[in-house]
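**Q** Structure incoming, see below.
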Amino acid sequence: MKKTLALGLYLRFLPAGKQVEKHSLLLKDDVTLEAFIASLLEKTRGGTAWVLADADRLGINLEHQTKEGLFLGQIVRSENEIGFEQIALVHSNIVKKRAAGGYVVTAGMFSEDAIYYAKGLNIELIDGVGLTDLWLASLGIAEKEIQKILPQLT
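In this text, residue positions in the sequence shown follow my numbering: the first is 3, and each later residue adds one.
Encoded structure:
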């Protein structure tokens, strides 16, 4: 089931020029995926996440402030496996800005080199299945919030 949902997320957030077919469910603007991920991080991990509309030249397009500190993120839209280069960019920014950690997020997959490179750097790699896990967790949290207010409505 998670792989099916991950495929759905991948298709939903394909870059505009890479759409499988024209369909209203697949149409989106340039920051839809980024805003979706920022919302998921806030809902599941707390804190405040914001999208940097013009990703800085060093590849950071998401910042997430939590009680643990600032986390820097790069959300990558690609139909190819994500390599270690994106992790290196995020790590460089973490060191430079003295951030607590970071994320590299894609609706796709990471290469084995990327996974190996990220070990020990406090950079979380979130692939399509991980993104689906975040989404399902956020839905569970929303359901609990609704359950809390339902008794008040009856």
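Cβ coordinates follow ideal geometry from the N, Cα and C atoms, glycine included. Only a predicted model underlies this, so the values are computations on that prediction, with no experimental measurement involved.
Report the option in LEU11, PHE86 and LEU74 whose CA atom is closest to the CA atom of ALA102.
**A** It is LEU74.
**Q** In angstroms with no decimal places, state the Cα-to-Cα distance between ILE125 and ALA116.
**A** Each residue's alpha carbon lies about 11 Å from the other.
**Q** Give a single yes or no on whether ILE96 has its beta carbon closer than 8 Å to a heavy atom of the ligand NAD.
**A** As for the ligand NAD, it is missing from this structure, which has no ligand bound.
**Q** In whole angstroms, what is the alpha-carbon distance linking ILE62 and LEU54?
**A** Straight-line Cα distance between these residues: approximately 8 Å.
**Q** How about ALA109 and TYR12: do their beta carbons lie closer than 9 Å?
**A** Yes.
**Q** With 16 as the cutoff for other CB atoms within 10 Å, does TYR105 come out buried or exposed?
**A** TYR105 should be labelled buried.
**Q** Whole angstroms is fine: what's the gap from THR68's alpha carbon to SER41's?
**A** The alpha-carbon atoms of THR68 and SER41 are separated by roughly 13 Å.
**Q** Is it buried or exposed for THR50, if we count other Cβ within 10 angstroms and need 16 for buried?
**A** Looking at its Cβ environment, which holds fewer than 16 other Cβ atoms inside 10 Å, THR50 is exposed.
**Q** Taking the alpha helix (DSSP H) that GLU81 falls in, what are its first and last residues?
**A** Premise fails: GLU81 is in no alpha helix (DSSP H) and is neither H nor E.
**Q** Please confirm whether MET111 and GLU83 have their CB atoms less than 9 Å apart.
**A** Yes, the pair counts as a contact, with Cβ atoms nearer than the cut-off.
**Q** Pull up the CB-CB distance for THR46 and LEU136, whole angstroms please, since I reckon it's below 8 Å.
**A** Yes, THR46 and LEU136 are in contact; Cβ-Cβ is about 6 Å, under 8 Å.
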